[in-house]
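Notes for the one structure printed next.
Structure, rendered in structure tokens:
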């Protein structure tokens with residue numbers, strides 16, 4: 589079994605952290621390190637591009653030492669669209685369409701994957717990191733249309749417009765939400781179109797990431813953190829297809845569902861193992 593260490597790197601502490609990483613990898617027999625730009629206990633919204641440029645410069649320096657120590661250097665992009673919504677200062681808010689859940693209130697700092705401006709941003713971010721030549725670039729599981737403070741799905745104006753085009757008639761965000769959550773013939777037709785829109789947007793964004801990274805370094809493996817079978821169904825997601833889009837000509841890479849982030853009861857442990865088994869069975 590191979591072990592991978594994930595480490596959040598802080599701009600003003602990276603040199604000390606590098607020594608700690610080298611020590612623990614040799615002490616514990618860890619062969620690979622995933623460097624992260626953000627601590628989710630502090631923030632769960634994406635950083636401006638300039639922050640990623642600074643982190644990539646640091647990663648490049650760390651990568652040289654890790655190579656000397658025969659430790660594989662990889663990256664875990666901790667946040668792309670945002671995990672949980674946060675109120676940020678204006679300077680830290682990105683200029684893209686906001687995720688809009690079932691409350692129909694746009695998020696403050698979580699973004700819609702359909703936004704082509706955001707897709708360019710994330711491709712630029714990945715280009716910056718690809719120039720440091722990691723073995724793996726792992727995209728975190730906020731790359732999804734779920735779990736962004738609201739329970740399910742995005743109903744922003746971009747989604748409403750894209751669903752309208754599929755249906756051949758115009759509906760707004762409120763009508764989209766009402767139809768998606770109704771188990772009628774009309775509701776099922778709208779829901780089908782909405783799920784298709786979700787997956788098409790994710791596939792397009794994944795393709796842009798793949799092209800951006802592999803135009804710099806074709807050897808980098810691009811993976812996605814798996815958010816579970818039930819979550820895939822609720823997004824209209826074909827996980828195998830999505831993983832292959834990220835991978836390009838390389839072998840697909842997925843981190844299975846199954847994080848145990850806190851103490852839990854016995855039935856929760858069973859659920860963790862079941863979710864992991866389903867993820868790995870794909």
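Residue numbers (the working numbering): 589 to 870. Using N, Cα and C, we set each Cβ at its ideal position, and we do this for glycine too. Predicted model, so just to flag it, every value in this text is computed and none were measured.
Just curious, the alpha helix (DSSP H) that residue i is in, first and last residue?
i	result
residue 751	745 to 755
residue 832	827 to 835
residue 639	637 to 656
residue 610	602 to 616
residue 797	773 to 804
residue 822	817 to 823
On a CA-only basis, which of the options is nearest residue i? Give me that one, please.
i	options	result
residue 690	756, 789, 824 and 735	735
residue 726	656, 592, 692 and 865	592
residue 716	688, 646, 652 and 764	646
residue 783	768, 737 and 687	768
residue 781	657, 799, 822 and 809	822
residue 830	785, 845 and 792	792
residue 666	827, 703 and 811	811
residue 604	807, 650, 814 and 632	650
residue 794	710, 644, 718 and 745	710
residue 867	858, 856, 815 and 662	815
residue 652	671, 621 and 668	621
residue 695	644, 706, 704 and 670	670
Can you tell me which of the three DSSP states residue i falls into?
i	result
residue 872	What is shown of the chain runs 589 to 870, which leaves residue 872 out entirely.
residue 664	strand
residue 682	coil
residue 764	helix
residue 631	coil
residue 860	helix
residue 866	helix
Counting only beta-carbon atoms, is residue i nearer than 8 angstroms to chain E?
i	result
residue 723	Absent from the structure is chain E; it holds one protein chain and no more.
Under DSSP, the beta strand (DSSP E) around residue i begins and ends at which residues?
i	result
residue 622	620 to 624
residue 587	The requested residue 587 does not occur in the structure, where the chain is confined to residues 589 to 870.
residue 811	809 to 813
residue 725	724 to 727
residue 686	686 to 688
Tell me the DSSP bridge mates of residue i?
i	result
residue 740	734
residue 595	623
Consider the C-beta atom of residue i and the heavy atoms of the ligand NAD; say whether any pair is separated by less than 7 angstroms.
i	result
residue 862	The model on display carries no ligand, and the ligand NAD is accordingly not part of it.
What runs of the beta strand (DSSP E), each 3 residues or longer, lie entirely inside the segment 692 to 719? 694 to 699
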